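Numbering (the numbering used here), first residue to last: 417 to 795. This report refers to the structure that appears directly beneath it.
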Amino acid sequence: MSDIEFRGVAKTYPDGTRAVSELDLRIESGSFTVFVGPSGCGKTTSMRMINRMVEPTAGTVRIDGRDIAGVDPVRLRLGIGYVIQSGGLLPHRKVIDNVATVPMLLGASRTAARAAALDVLDRVGLDRGLAQRYPAQLSGGQQQRVGVARALAADPPVLLMDEPFSAVDPVVRAELQDEMRRLQAELHKTIVFVTHDIDEAIALGDRIAVFGRGGVLQQYDAPERVLARPATDFVAGFVGRDRGYRALSFRTAEAVALTPIRTVEADGITGLRLAQGDWALVVDADGRPGGWVDGTAVEAVRAGASPAASVSAGGSLFTPDGDLRQALDAAISSPSGIGVAVDAAGTVRGGLPAGEVLAQLAAQRRIEDAERNREFFGQ
Ligand code: ADP
Numbered sequence: 417m418s419d420i421e422f423r424g425v426a427k428t429y430p431d432g433t434r435a436v437s438e439l440d441l442r443i444e445s446g447s448f449t450v451f452v453g454p455s456g457c458g459k460t461t462s463m464r465m466i467n468r469m470v471e472p473t474a475g476t477v478r479i480d481g482r483d484i485a486g487v488d489p490v491r492l493r494l495g496i497g498y499v500i501q502s503g504g505l506l507p508h509r510k511v512i513d514n515v516a517t518v519p520m521l522l523g524a525s526r527t528a529a530r531a532a533a534l535d536v537l538d539r540v541g542l543d544r545g546l547a548q549r550y551p552a553q554l555s556g557g558q559q560q561r562v563g564v565a566r567a568l569a570a571d572p573p574v575l576l577m578d579e580p581f582s583a584v585d586p587v588v589r590a591e592l593q594d595e596m597r598r599l600q601a602e603l604h605k606t607i608v609f610v611t612h613d614i615d616e617a618i619a620l621g622d623r624i625a626v627f628g629r630g631g632v633l634q635q636y637d638a639p640e641r642v643l644a645r646p647a648t649d650f651v652a653g654f655v656g657r658d659r660g661y662r663a664l665s666f667r668t669a670e671a672v673a674l675t676p677i678r679t680v681e682a683d684g685i686t687g688l689r690l691a692q693g694d695w696a697l698v699v700d701a702d703g704r705p706g707g708w709v710d711g712t713a714v715e716a717v718r719a720g721a722s723p724a725a726s727v728s729a730g731g732s733l734f735t736p737d738g739d740l741r742q743a744l745d746a747a748i749s750s751p752s753g754i755g756v757a758v759d760a761a762g763t764v765r766g767g768l769p770a771g772e773v774l775a776q777l778a779a780q781r782r783i784e785d786a787e788r789n790r791e792f793f794g795q
């Protein structure tokens, strides 16, 4: 158990800057909470009050019901992992010694601490061969993984992460986010993660706390609710114009009705008869999609063009056990306007026109409205 609770917390810095105002927030044990908002709205200040790197000027922060103002800060921090943007690694120490730092501070022998360090390097997906390197000999993404490993080495119940992935490129960043999700599914830590990136917040958080100017908490909710029902104009503006589209990623594509697709193998293209505006999907011998042809492409192949040069790339594919965002994206990125559903083996299962995704969205909303009404009227 490691609930974290802010009660009436405020922070005004000595120069008069009001960084956090009247913060009331309860972070449940084992949950992944993201503090998100534009720069300068008090996210880092709020997070640092959890490990007493910043002291509140009003209110209390409790961990498991205990006011941490009464806990020795050094002891407190030994139970709270902390990851920062630059990795925060000691440059003159090898990776393994960086990771073994906290277990040794907690009294583990050097041998035991190093053994624990190797285990945790495995856990965050780092090759043990990197253990003997110095931080400067690693890529940015690897350094961040070492930062996460170091924070986890002593198995603290709480993990604070301050913009940990902001400095790495988008591809590595997406990998690190996947890794965090996988780790959290295994470890069930109480994680507080700061970012200014709403997409990162949505990808990672069980709940997200949106902070606004003056350190005022605007909304604290599950990400799908922040997207679907922003509590304030500020939140609506911050989550951005694509929020409806992003919200589709929380809806399953399982119930969408697939339509049959006309398929053809490459050697059959010349025999196709397609009316104006019709498309056929070219598949390989195993039924895996290769792209689309229309009447013009068929004529070109008949006239001697190679099928490969005449097929239009297929748009993105989706799997019916995925979400509606992928389904809609598959449909609108497809030259035919039809998304292609494939199974785990990559074989075509059927097609999905964009309109069907919208019909499915409307159907899911009707069910939810009916449920809300039932709850409200208590029947
Ligand atoms: P965020 O993490 O959302 O970017 P911060 O918590 O870092 O926001 O900062 C909130 C506000 O407090 C900002 O206006 C910032 O300039 C100010 N601030 C942060 N740290 C200090 C400090 N040590 N002294 C004075 N002002 C500070």
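Glycine included, each C-beta is placed from N, C-alpha and C at the ideal position. No experiment lies behind these values; they were computed from the predicted model shown.
Two segments are said to touch when three or more pairs of C-beta atoms, one from each, lie closer than 8 Å; by this definition the region 574 to 586 does not touch the region 522 to 538. Relative to the Cα of L576, the nearest Cα in the group A716, G711, I500 and V425 belongs to I500.
In the DSSP annotation of this structure, K605 is not part of any beta strand (DSSP E), being labelled neither H nor E. According to DSSP, residue pairing for T675 in a beta bridge involves G767.
The beta carbon of S726 is closer than 6 Å to those of A713, A716 and V717 in its chain, skipping five residues each way along the sequence. Nearest to A435 by C-alpha distance, out of G458, F666 and D702, is G458. The region 551 to 567 makes contact with the region 533 to 542: 3 or more CB pairs, one atom from each, lie closer than 8 Å. Taking every protein chain shown into account, the CB of T433 has fewer than 16 other CB atoms within 10 angstroms, so this residue is exposed.
For a cut-off of 8 Å, the C-beta gap from A669 to L740 is around 5 Å, short enough to register as a contact. Runs of the beta strand (DSSP E) lying entirely within the region 569 to 605, each at least 3 residues long, are 574 to 578 in chain order.
When DSSP states are grouped into helix, strand and coil, K510 belongs to the coil group.
Straight through space, the alpha carbons of I618 and S437 are spaced by roughly 24 Å.
Short note on F627: C-beta closer than 8 Å to some heavy atom of the ligand ADP. Of all alpha-carbon atoms in A779, R597, L505 and V587, the one lying nearest the alpha-carbon of L554 is that of L505.
A residue is called buried once 16 or more other Cβ atoms fall within 10 Å of its Cβ, and L774, having fewer, is exposed. D737 sits in coil when the DSSP states are folded into three classes, being neither helix nor strand.
It is roughly 37 Å from the alpha-carbon of G456 to the alpha-carbon of D543.
Going by DSSP, T428 is part of the beta strand (DSSP E) stretching over I420 to T428.
For P472, the shortest C-beta to heavy atom distance toward the ligand ADP is 8 Å or greater. Here G720 is actually not in contact with L690; their C-beta atoms are around 18 Å apart, not less than 8 Å.
Here N514 is buried. Its C-beta has 16 or more other C-beta atoms within 10 Å. Counting the other Cβ atoms within 10 Å of the Cβ of G730 gives 16 or more, which makes it buried. The beta carbons of G628 and P472 sit no closer together than 9 Å. Assignment of Y661 by DSSP, reduced to helix, strand and coil, places it in the helix class. Between the alpha carbons of F451 and I614 lies a distance of about 10 Å. Contact between V610 and M465 does not hold, since the beta-carbon distance rounds to 12 Å and is not under 8 Å. Within its own chain, the residues whose Cβ lies closer than 8 Å to the Cβ of V699, once the five positions on either side in sequence are excluded, are T679, V680, E681, P705, G706 and V764, listed in chain order.
Per DSSP, R442 is one residue of the beta strand (DSSP E) stretching across R434 to I443.
Using a Cβ distance threshold of 9 Å, L768 and A786 do not count as a contacting pair. Pairing I677 with V626 gives a Cβ-Cβ distance that is not under 9 Å. Excluding five sequence positions before and after L633, the CB atoms of its chain that fall closer than 7 Å to its own CB belong to L439, L441, A625 and F627, given in chain order. Residue pairing by DSSP places S728 opposite W708 in a beta bridge.
Excluding five sequence positions before and after T428, the CB atoms of its chain that fall closer than 6 Å to its own CB belong to R434 and T473, given in chain order.
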